[in-house]
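Encoded as structure tokens, the structure appears first; notes follow it.
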Amino acid sequence: MKNRWKYTVAALLLLVFMVVAGCTPGSGGDDSDSEDTADNGENTEGSGDGEISGELEIQYFVGGYGDSWWKEVIGDFEEEYPDVTITEHAGPNINEEMRSRWVSEDPPDVVYIDGAGSSETQMVEDGQLMNLTSFLDEIELEDGTPLKESFIVEPAMYDGEVYSLPLVFDTWGTWYDSAWFEEKGWEAPENFPDFMDTMGTIQEEEGIDPFVTTGQHPYYFLRGMMYPAFGAKGGDELLTQTIQGQEGAWSSDEVMEVIKNIESMQQEGYIDSDFGALNHTQSQMNFLNHDNAFIPVGFWLPNEMSEDKPEEVEYGFIPSPMQEEGEPYAIVPDLRPLAIAEEADNPEAAKAFVEFVYTKEYATSFSEHTGALMNLQGVDLTESEDVPEFLIEANEMINNPDKVQIYQKPHPMSAELETPISNSLVSLMLGNITAEQFVEEAEAAAEEYRNSQE
Amino acid sequence: MVQSKKQRYLFMAFCLVPTFLMFAIFTLYPLVNGLYYSLFQWSGSSSAAEFIGLENYRKLFNDDIIPATIWHDYFLVITKIIGIMILSTFFAVALTQMRIKEAPFYRIVFFFPNIMSVVVIGILWMFIYNPSLGLVNSGLEFLGLEGWTRSWLGSERWALPSLVLPSVWAGIGLFMLMLMGGISNISKSYYEAAEIDGANGWQQFWKITLPLVWPQMKISILYIIITTLNGSFIIVQVMTKGGPNNATHVMGSYLYEEAFVKYNFGYGATIGVMILVLSLITVLIMQYFMRREKVEY
Numbered sequence: 001m002k003n004r005w006k007y008t009v010a011a012l013l014l015l016v017f018m019v020v021a022g023c024t025p026g027s028g029g030d031d032s033d034s035e036d037t038a039d040n041g042e043n044t045e046g047s048g049d050g051e052i053s054g055e056l057e058i059q060y061f062v063g064g065y066g067d068s069w070w071k072e073v074i075g076d077f078e079e080e081y082p083d084v085t086i087t088e089h090a091g092p093n094i095n096e097e098m099r100s101r102w103v104s105e106d107p108p109d110v111v112y113i114d115g116a117g118s119s120e121t122q123m124v125e126d127g128q129l130m131n132l133t134s135f136l137d138e139i140e141l142e143d144g145t146p147l148k149e150s151f152i153v154e155p156a157m158y159d160g161e162v163y164s165l166p167l168v169f170d171t172w173g174t175w176y177d178s179a180w181f182e183e184k185g186w187e188a189p190e191n192f193p194d195f196m197d198t199m200g201t202i203q204e205e206e207g208i209d210p211f212v213t214t215g216q217h218p219y220y221f222l223r224g225m226m227y228p229a230f231g232a233k234g235g236d237e238l239l240t241q242t243i244q245g246q247e248g249a250w251s252s253d254e255v256m257e258v259i260k261n262i263e264s265m266q267q268e269g270y271i272d273s274d275f276g277a278l279n280h281t282q283s284q285m286n287f288l289n290h291d292n293a294f295i296p297v298g299f300w301l302p303n304e305m306s307e308d309k310p311e312e313v314e315y316g317f318i319p320s321p322m323q324e325e326g327e328p329y330a331i332v333p334d335l336r337p338l339a340i341a342e343e344a345d346n347p348e349a350a351k352a353f354v355e356f357v358y359t360k361e362y363a364t365s366f367s368e369h370t371g372a373l374m375n376l377q378g379v380d381l382t383e384s385e386d387v388p389e390f391l392i393e394a395n396e397m398i399n400n401p402d403k404v405q406i407y408q409k410p411h412p413m414s415a416e417l418e419t420p421i422s423n424s425l426v427s428l429m430l431g432n433i434t435a436e437q438f439v440e441e442a443e444a445a446a447e448e449y450r451n452s453q454e
Numbered sequence: 001m002v003q004s005k006k007q008r009y010l011f012m013a014f015c016l017v018p019t020f021l022m023f024a025i026f027t028l029y030p031l032v033n034g035l036y037y038s039l040f041q042w043s044g045s046s047s048a049a050e051f052i053g054l055e056n057y058r059k060l061f062n063d064d065i066i067p068a069t070i071w072h073d074y075f076l077v078i079t080k081i082i083g084i085m086i087l088s089t090f091f092a093v094a095l096t097q098m099r100i101k102e103a104p105f106y107r108i109v110f111f112f113p114n115i116m117s118v119v120v121i122g123i124l125w126m127f128i129y130n131p132s133l134g135l136v137n138s139g140l141e142f143l144g145l146e147g148w149t150r151s152w153l154g155s156e157r158w159a160l161p162s163l164v165l166p167s168v169w170a171g172i173g174l175f176m177l178m179l180m181g182g183i184s185n186i187s188k189s190y191y192e193a194a195e196i197d198g199a200n201g202w203q204q205f206w207k208i209t210l211p212l213v214w215p216q217m218k219i220s221i222l223y224i225i226i227t228t229l230n231g232s233f234i235i236v237q238v239m240t241k242g243g244p245n246n247a248t249h250v251m252g253s254y255l256y257e258e259a260f261v262k263y264n265f266g267y268g269a270t271i272g273v274m275i276l277v278l279s280l281i282t283v284l285i286m287q288y289f290m291r292r293e294k295v296e297y
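Here you go:
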């Protein structure tokens, strides 16, 4: 009898291990899988006969911008292509919900990359996105101009190849309450010395720490203040070097000057000493309650805080004033791209959809629906009554190169590098480390990042 | 009627096989899988995984943040054991032996945090610690201690100690009930005998109550260790996300950051293996130290 039990247990164990071995994704043929996806740069398979039909799966994140614009575009596309059935995968947690589909190589056809849990850089590194370099050459707007020449900001390049097309032009900047400023006779700052002066005045007159940001998400400051400062100091080149963590970039003189400026903001007591504990909505609430006067956030701030805004507050937006006197403001846009999956089941319909979306008409309707900009040049927003005032002004500013210089980052910073740098940044802004120590820590983080990429 | 051997074995199999299968699928499989993934460089969001052997373990031993996360975890374990055990023992003694009329009311009040989700507790305490509106700073100001007010969760020095209070507050109720169960099982005659011998309340507590509820205390301490090592993640994630500057990262929250924020799923799995090993070692050590014989009078 004892033996029988032994056999039973052995059989069960065997069963368990068979289950474990069989179910493990990535077991066995993993290495070959990764090669397949990485090397198949251009996926040109499809029906080839020009017929657009079948099922088209679209994944899009729904955040501060809502989903009404998507519903409109998708509805119009279905009318234009009646043979296509669209399946939408949308919501605020869609990136997490769809993760298992991407892991099992059964992704949706089209993906709008935005929100928590999504990373364009990671998707490209994992070979999940289709190479769109030659497809981009074919796309034209409704008036016949090539799409390639119509972007406000060019698509992100990975070794010279395009894997995603920037759809939403978002940009970080510094917000202030223009009504309050007018009442008190303060001017919106035009450069960094001016910024420091204004903060000094506000601190003196109101007894508040004039600047606030979220310490729980330090990338708000990194992207909202430091990137424009890097752009103004060293142009696209410095942005690229710092974002890619190139050797010596973080310890360069230009970066040091920027960090010194941030250190001086801390030393003067202009940065709210409580910022470390605040999440983004708390910091935004403090700003709206006049506990602080300046906050770096993206275009989505008014939409996100629409329920909480006191009546008298009026949103004013300037590109973060981190540049020296006499220089134009610097803007480093944050782009939310549209991409096609490398393993898309219906690449033809996916391409048709991507082409369909990029029109000036949809760009205007995007601003109406979301209060943000689509990444197309020369869209006239003044005609529309539904576009908020700050956006019309910002749009004019962005299209005026004397006032605002647009700098471009090559691609978003990898979380692998952004996380340690953000951590040191919090320490710097709390006054716990010096500019020199920050630079040292950032350089070490960059080195570790480079090593992990090898 | 005597059961045949076959029937007996059939019955045993009926009880054991489904349980074992469940255990295998929901415990053994994830365990083995975690070990397996720790040998890969994998982003966790695609099927492309590269076998890298023990590379993740090498990284683990060279990672400066890991020792800090381990210390943070054990800091919470130690402070929680001290805080929860002292308070819950005193509350339990007070509510069972001091003939307080409102005992049932207090029992409910103290147990209340246990039926709340840890996420809710975290959010609640974030408001309590809020630098400008929070109860803690307003209270200190009210007492004239303005100099003591600070940004509790935003300071690299104070953020971790600030997490202890909500953790202790959330834990007292359950252990208080366990100890109350233990205390009410102690025969009244011991106390009567002690009183005749002239022992005061304090002596009765040390000589009778404490030794006789020791088994319950032992289980409580082990339970606090295990739940803290596995579960402190939630309160950290809700209240500070490991910040400022990694000052509150525990092993679990660091695992989460590596696996789901920095897309190093393989390395995350390695940290998971480390948590498992450390939890096992800790529990074994604690069992050794607490193996005091059961006391009977």
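Line by line, the protein sequences give chains A and B.
Under full-length UniProt numbering, the first residue of the first sequence carries the number 1, and numbering increases by one thereafter.
Under full-length UniProt numbering, the first residue of the second sequence carries the number 1, and numbering increases by one thereafter.
Each residue gets a CB set at the ideal place from its N, CA and C atoms; glycine is no exception.
Only a predicted model underlies this, so the values are computations on that prediction, with no experimental measurement involved.
Separation of W172/A from A232/A, as counted between CA atoms: One Cα belongs to A232/A, the other to W172/A, and the distance between them is close to 14 Å.
Going straight from the alpha carbon of L141/A to that of Y129/B, what length do you get? Cα to Cα, L141/A sits roughly 53 Å from Y129/B.
Would you say A277/A reaches chain B, if we count a Cβ-Cβ gap shorter than 7 Å as a contact? Under the 7 Å criterion on CB atoms, A277/A is classed as interfacial with respect to chain B.
Closer than 7 Å to chain A by CB, L10/B: With a threshold of 7 Å between beta carbons, L10/B makes no contact with chain A.
Using the three-state DSSP reduction, which class does L255/B fall into: helix, strand or coil? The DSSP-derived three-state label of L255/B is helix.
Would you please verify whether the beta carbon of G154/B is less than 7 Å from any beta carbon of chain A? The C-beta of G154/B comes closer than 7 Å to at least one C-beta of chain A.
When DSSP builds the beta bridges, which residues end up paired with I318/A? DSSP output for I318/A lists T174/A as bridge partner(s).
Just to make sure I have the definition right: I need the residues of chain B whose C-beta is within less than 7 Å of the C-beta of A415/A. Which are they? Neighbours of A415/A in chain B, taken as residues at a C-beta separation under 7 Å, are given in chain order as V261, K262, Y263.
Listing by chain order, which chain A residues have their CB less than 7 Å from the CB of K6/B? Chain A residues near K6/B: none, gap ~10 Å exceeds 7 Å.
List the residues that DSSP assigns as beta-bridge partners of F151/A. In the DSSP output, where bridge partners are listed per residue, F151/A has L376/A.
Please state if the CB of L338/A and the CB of L165/A are separated by a distance shorter than 7 Å. Judged by beta-carbon spacing, L338/A lies within the 7 Å limit of L165/A, meaning their Cβ atoms are closer than that value.
Taking the beta strand (DSSP E) that A49/B belongs to, which residues open and close that run? Per DSSP, A49/B belongs to the beta strand (DSSP E) from 49–51.
Against chain A, which members of the region 116–131 of chain B pass a CB distance test of less than 9 Å? If the cut-off is 9 Å between Cβ atoms, the region 116–131 of chain B has M126, Y129, N130, P131 near chain A.
Check the C-beta distance from D109/A over to E57/A and give it rounded, since I have them as a contact under 8 Å. Yes, D109/A and E57/A are in contact; Cβ-Cβ is about 5 Å, under 8 Å.
By the three-class DSSP mapping on this structure, what secondary structure does V277/B have? In the structure shown, V277/B sits in a helix (DSSP, three-state: H, G or I).
Residue range of the beta strand (DSSP E) that includes A330/A: Taken as a continuous stretch (DSSP letters only), the beta strand (DSSP E) holding A330/A covers 329–331.
Mapping the DSSP letters down to three states, classify Q405/A as helix, strand or coil. The DSSP-derived three-state label of Q405/A is strand.
C-beta neighbour in chain A for S47/B, strict 7 Å: Among the CB atoms of chain A, one or more fall inside 7 Å of the CB of S47/B.
CA nearest to the CA of A352/A, picked from I74/A, G64/A, D291/A, G63/A: The alpha carbon of A352/A has as its nearest neighbour, out of I74/A, G64/A, D291/A, G63/A, the alpha carbon of I74/A.
Determine the closest residue to Y254/B out of I52/B, Q3/B, I66/B, with distance taken between C-alpha atoms. Of the candidates I52/B, Q3/B, I66/B, I66/B places its Cα closest to the Cα of Y254/B.
Just list the alpha helix (DSSP H) runs in the region 233–320 of chain A, keeping only unbroken ones of 4 residues or longer that don't cross its boundaries, in chain order. Listed in chain order, they are 253–267, 280–288, 301–304.
Indicate the three-state DSSP secondary structure (helix, strand or coil) for D194/A in the structure shown. In the three-state reduction of the DSSP assignment, D194/A falls in the helix class, which pools H, G and I.
Below 7 Å between beta carbons: does that hold for Q122/A and H89/A? No, Cβ-Cβ distance for Q122/A and H89/A is not below 7 Å.
Report yes if the CB atom of F299/A is closer than 7 Å to the CB atom of A372/A, and no otherwise. In this structure, A372/A lies closer than 7 Å to F299/A by Cβ.
H72/B lies in the beta strand (DSSP E); which residues open and close that run? In the DSSP assignment, H72/B falls outside any beta strand (DSSP E) and within the unbroken alpha helix (DSSP H) covering 65–97.
What are the residues that DSSP puts in a beta bridge with Q287/B? Beta-bridge pairing links Q287/B to no other residue.
What does residue 318/B touch in chain A if you count any residue whose Cβ is under 8 Å from its own? Since the first and last residues shown for chain B are 1 and 297, residue 318/B lies out of range.
What three-state label does DSSP hand I234/B in the structure shown? DSSP places I234/B in helix when its eight states are reduced to three.
Spatial neighbours of K101/B within its chain, please: C-beta separation below 8 Å, excluding the five flanking residues on both sides. No residues qualify anywhere along the chain.
Cross-chain neighbours of L430/A in chain B, by beta carbon under 7 Å: Residues of chain B with a Cβ closer than 7 Å to the Cβ of L430/A are, in chain order, E156, P244.
Could you check the C-alpha separation between W102/A and V124/A for me, to the nearest Å? Straight-line measurement puts the Cα of V124/A at about 13 Å from the Cα of W102/A.
Give the residues of chain B in contact with R99/A, contact being defined as C-beta atoms less than 9 Å apart. In chain order: G44, S45.
Quick test of your reading: W186/A and I208/A, contact by CB under 8 Å. State the CB separation rounded to the nearest angstrom. Rounded to whole angstroms, the Cβ separation of W186/A and I208/A is 13 Å, and the two are not in contact under 8 Å.
Could you check whether the Cβ of T121/A sits closer than 7 Å to any Cβ belonging to chain B? Cβ-Cβ to chain B under 7 Å: no for T121/A.
Length of the line joining the Cα atoms of I52/B and L301/A: Distance from the CA atom of I52/B to the CA atom of L301/A, rounded to whole angstroms, is 43 Å.
Alpha-carbon spacing of S189/B relative to Y74/B, whole angstroms: It is roughly 41 Å from the alpha-carbon of S189/B to the alpha-carbon of Y74/B.
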